[in-house]
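S.K.: My questions all concern the structure below.
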Amino acid sequence: MPIAFDADSNIFKLDTAHSSYLFRIDADGRLGQLHFGGRISDLAGAAYLQPTSGIAFSPVIKGARNGSPAHSLQEFSTHGACDFRLPSAIVRTLDGTHTTDPRYVSHTLSGGKPALAGLPATFVNALHEADTLAITLRDEYSGCEFILSYSVFTDRDVIARSVMVRNASNHALRLERLMSACLDLPERDYDLIQTSGAWARERQIFRTPLRPGTQTVDSARGSSSHQHTPAFAIASRQANEDHGDVYGLSLVYSGSFTCDVELDQIGNVRACAGINPIDFEWLLEPGECFQAPEALLAYSAQGLGGMSRQFHDVLRKHLISPRWRDQKRPILNNNWQAT
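Just remember that my numbering sits 1 ahead of the position in the sequence shown, which is counted from 1.
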């Protein structure tokens, strides 16, 4: 099975053909990341995976891994709850409180991949082409629920992620930030790779070492356009086209977006991607939902070329309209005033 859950260790394990993605329900109910990288075959043995970090002199919370959320690798990061890094979500209540700290409630496993209401997303043609995990988290401060969705394609090395927010309280809430994906990586030397540009010089490749603080690739133009691409890669310092570890993230979204990568004080990396918080606020009445765009995650041990091929494979089969997917493309005369 591409997705498995071990009830003894509370570990979720998502497997593609060549990679594994593991996280667990911690004692405090938060979701803690364990591994994203090469394939791990032993689910029971995954319980011994325990990423640790150095001392950061941050507030300690009982039940939190390593004593503090500020030390932990998280699957859906919090806000105003002792983790001072990039938050996955911010929900503000009517009294102005915006602490957002969701905890595990339940999860379901199903075949296939559901569509995202009102948004473009990858799809499957049959139930056996993907499995989907849906995890419900609840924030006791606001009464808001977050449904994290993970779909693993049986024939592709890519994981699709999305988040839906539901107001399960009896009062209105203001959604101020919602990231489609949060990826925490343990201490290591990484480069950030992005593509940016302008008219007639689109998609220029920029590769820079991660530095302490936050590096951002974003657009508040209402569309992604050619200035910045809603995608990025985090690569080991030695990675090239054919060799080395590379983590890729691409949003299936063309509106205003942000891709933020933060290197904290003890060397851990957090990457978040989703709707740009600039000019974004959504009023959620009781019972209403808000769906975030989809994000695609890929890991390659075969360098940048391996990551590119993984994305190309899934986009060709699971995103392009079936009307054109297997057809010769129509010819477009794009020569401006000449005709």
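Quick reminder that beta carbons are idealized off the backbone N, C-alpha and C, glycines included. Predicted, not measured: the structure shown is a model, and the values here were computed from it.
Note down, in chain order, each residue of its chain lying with its Cβ closer than 8 Å to the Cβ of A199, except the 5 sequence neighbours on either side.
M.R.: As a position in the sequence shown, residue 199 is number 198, starting the count at 1. These residues qualify, in order along the chain: H227, Q228.
S.K.: What residue range does the beta strand (DSSP E) around Q34 cover?
M.R.: Sequence index remark: in the sequence shown, residue 34 carries index 33 (1-based). Element bounds for Q34: 32–39.
S.K.: Measuring CB to CB, does Q311 end up less than 7 Å from V159?
M.R.: As a position in the sequence shown, residue 311 is number 310, starting the count at 1. As a position in the sequence shown, residue 159 is number 158, starting the count at 1. Yes, these two residues count as a Cβ contact at 7 Å.
S.K.: Start and end of the beta strand (DSSP E) containing H108?
M.R.: As a working note, residue 108 is residue 107 in the sequence shown. Run containing H108: 104–112, per the beta strand (DSSP E) assignment.
S.K.: Quick one: residues in its chain with C-beta nearer than 6 Å to the C-beta of L186, no 5 flanking neighbours on either side, listed in chain order?
M.R.: Translated into the one-based positions of the sequence shown, residue 186 becomes position 185. Only V270 meet the Cβ criterion.
S.K.: Just to check my reading of the structure: T196 and R204 have Cβ atoms closer than 8 Å, yes? What is that Cβ distance to the nearest angstrom?
M.R.: As a working note, residue 196 is residue 195 in the sequence shown. As a working note, residue 204 is residue 203 in the sequence shown. About 4 Å; that satisfies the 8 Å criterion.
S.K.: Terminal residues of the continuous alpha helix (DSSP H) containing V125?
M.R.: Here residue 125 is taken as the residue at index 124 of the sequence shown, counted from 1. Note, V125: premise wrong, no alpha helix (DSSP H); not H, not E.
S.K.: With a Cβ-Cβ cutoff of 7 Å, do D102 and A118 count as a contact?
M.R.: Along the sequence shown, read from residue 1 onward, the residue named residue 102 stands at position 101. Along the sequence shown, read from residue 1 onward, the residue named residue 118 stands at position 117. Not closer than 7 Å, so no.
S.K.: Just to check my reading of the structure: A116 and F124 have Cβ atoms closer than 8 Å, yes? What is that Cβ distance to the nearest angstrom?
M.R.: Sequence index remark: in the sequence shown, residue 116 carries index 115 (1-based). Sequence index remark: in the sequence shown, residue 124 carries index 123 (1-based). Indeed, because the Cβ distance is near 7 Å, the residues count as touching under 8 Å.
S.K.: Can you grab the Cα-Cα spacing for the pair R330 / I321, in whole Å?
M.R.: Position 329 of the sequence shown holds residue 330. Position 320 of the sequence shown holds residue 321. Cα to Cα, R330 sits roughly 12 Å from I321.
S.K.: With three or more beta-carbon pairs closer than 8 Å as the criterion, would you say the region 169–183 touches the region 137–151?
M.R.: Output reads yes: the region 137–151 touches the region 169–183.
S.K.: Cα separation between N11 and L23?
M.R.: What you label residue 11 is simply residue 10 of the sequence shown in a count that begins at 1. What you label residue 23 is simply residue 22 of the sequence shown in a count that begins at 1. N11 and L23: Cα-Cα distance of roughly 11 Å.
S.K.: Considering Cα atoms alone, identify which of P88, P3, D84, L176 is closest to E289.
M.R.: Position 288 of the sequence shown, counted from the start, is the residue given in the question as residue 289. Ranking P88, P3, D84, L176 by Cα distance to E289 puts L176 first.
S.K.: Rounding to the nearest angstrom, what Cα-Cα distance links Q216 and N336 in this structure?
M.R.: In the sequence shown, counting from the first residue as 1, residue 216 sits at position 215. In the sequence shown, counting from the first residue as 1, residue 336 sits at position 335. For Q216 and N336, the distance between alpha carbons rounds to 37 Å.
S.K.: In its own chain, which residues sit with a C-beta less than 7 Å from the C-beta of G304, not counting the 5 before and 5 after it?
M.R.: Position 303 of the sequence shown, counted from the first residue, corresponds to residue 304. Correct list, in chain order: A240, N241, E242, D243, H244, G245, V247.
S.K.: Out of A18, I4, F6, which one is the CA nearest neighbour of D314?
M.R.: Walking along the sequence shown from the start, residue 314 turns up at place 313. Residue A18 is the option with its Cα nearest to D314.
S.K.: Classify F207: buried if its beta carbon has 16 or more other beta carbons within 10 angstroms, exposed otherwise.
M.R.: For the purposes of this step, residue 207 is taken as residue 206 along the sequence shown, with counting starting at 1. It is exposed - the Cβ of F207 has fewer than 16 other Cβ atoms within 10 Å.
S.K.: Look at the Cβ atom of P121, then the Cβ atom of V253, and state whether they are nearer than 7 Å.
M.R.: Against the sequence shown, residue 121 aligns to sequence position 120. Against the sequence shown, residue 253 aligns to sequence position 252. In contact: P121 and V253 (Cβ atoms closer than 7 Å).
S.K.: From R93 to L174, what distance separates their C-alpha atoms?
M.R.: In the sequence shown, residue 93 corresponds to position 92, counting from 1. In the sequence shown, residue 174 corresponds to position 173, counting from 1. Going by the C-alpha atoms only, they are around 6 Å apart.
S.K.: Please report the Cβ distance between T137 and I148, rounded to the nearest whole angstrom; I am assuming they are in contact, meaning their Cβ atoms lie under 8 Å.
M.R.: Position 136 of the sequence shown holds residue 137. Position 147 of the sequence shown holds residue 148. Right, their Cβ atoms sit about 5 Å apart.
S.K.: Any idea what DSSP makes of S309, helix, strand or coil?
M.R.: On the sequence shown, position 308 is the one that residue 309 refers to. Note: S309 maps to helix in three-state DSSP.
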